[in-house]
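S.K.: Take this structure first; my questions come after.
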Amino acid sequence: MKNNRRDSRHGGRQKLNPLAVLQEYPELRLTVKKLGWLYKNTFKCLTDFEKEMIFFWVSFLNKCSYCCISHGFPLIKLSKDPDLPAKLIRWETDALAAAQHRTVLEFVAKFTRHPYDFGGNDLARLQKAGYSKKAVEEIILMVAIANLVNRIVTGFQAELPEHLKIVWEQWRDGAWQGEQQLKKSSKEKSKREK
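Residue numbers (this note's numbering): -12 to 181.
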């Protein structure tokens, strides 16, 4: 399948467009786009960092490299930690500024991998970690939206550009070296394009 990406630049980096796989399904594409707008603009209990962290973590659990990259770079920007995606993949949760974020990641993992084991105790843990009932509902909705988008992107086999495949593999395999590695990958891409 052809690379599904926008030609525009975002923050000096390629901006991925996971919904490009739905070009032949405009109604579904619009629905998914609206879901994205809703979580970005109407979920007020969660910070932008928490939203990106949840989407990244669900995507990692689902092995959706395309969505991991799409949400990993905003996660880096919001956290100001160029190694955060790689650290999360290695479960180095001490890299998270707030202890409650580890609780969110544990909840997300259980709800994504074992939704049939999900129950009231899981909700209570989030509330005990400091999340309101409304915030917990937003977390549940974020996980559901992320799982939906991951399934669509994976099912349609959206491919990462080569230079981003390298970044993904290094995050995943623990060989990531932060911004230096990103600059190196971008330079390699520029050389190939010449």
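Every residue gets a Cβ at the ideal spot worked out from N, C-alpha and C, and that includes glycine.
Please check the pair Arg189 and Phe94, which I expect to be a contact at CB under 8 Å, by giving their CB distance rounded to whole angstroms.
M.R.: Absent from the structure is residue 189, since the part of the chain shown begins at -12 and ends at 181.
S.K.: Measure the alpha-carbon distance for Glu124 versus Thr90 and round it to whole angstroms.
M.R.: Using only the alpha carbons, I get a separation of about 15 Å.
S.K.: Using only the alpha-carbon positions, how far apart do Lys115 and Asn108 sit?
M.R.: 10 Å
S.K.: Measure the C-alpha to C-alpha separation of Asn(-10) and Tyr53 and round it to an integer number of angstroms.
M.R.: Low local confidence applies: a pLDDT of 43 at Asn(-10) is under 50, so the model's placement there is unreliable, and no value is given.
S.K.: Alpha carbon to alpha carbon, how far is Leu22 from Gly106?
M.R.: 25 Å
S.K.: State the DSSP-derived secondary structure class of Leu83, mapped to helix, strand or coil.
M.R.: Note: Leu83 maps to coil in three-state DSSP.
S.K.: Report the residue from Asn137, Gln157 and Asp160 whose alpha carbon sits nearest the alpha carbon of Trp44.
M.R.: Asn137
S.K.: Taking all protein chains shown into account, decide if Tyr103 is buried (16 or more other Cβ within 10 angstroms of its Cβ) or exposed.
M.R.: exposed
S.K.: Considering just the uninterrupted stretch of the alpha helix (DSSP H) at Val45, what are its terminal residues?
M.R.: Asp35 to Leu48
S.K.: I'd like to check one pair, Leu3 with Glu39: are the Cβ atoms closer than 7 Å?
M.R.: Cβ atoms of Glu39 and Leu3: not closer than 7 Å.
S.K.: Under DSSP, the alpha helix (DSSP H) around Leu110 begins and ends at which residues?
M.R.: Gly107 to Lys115
S.K.: Just checking my contact of Gln117 with Gln87 at CB under 8 Å: how many whole Å lie between their CB atoms?
M.R.: Here residue 117 turns out to be Gly, not Gln, going by the sequence shown. Gly117 to Gln87, Cβ: 5 Å. Contact.
S.K.: DSSP on Leu258, reduced to helix/strand/coil?
M.R.: This structure leaves residue 258 out entirely; the chain is present only between -12 and 181.
S.K.: Within the continuous alpha helix (DSSP H) that includes Cys54, where are the two ends?
M.R.: Ser52 to Ser66
S.K.: If you draw a straight line from the C-alpha of Gln144 to the C-alpha of Asn134, how long is it?
M.R.: 15 Å
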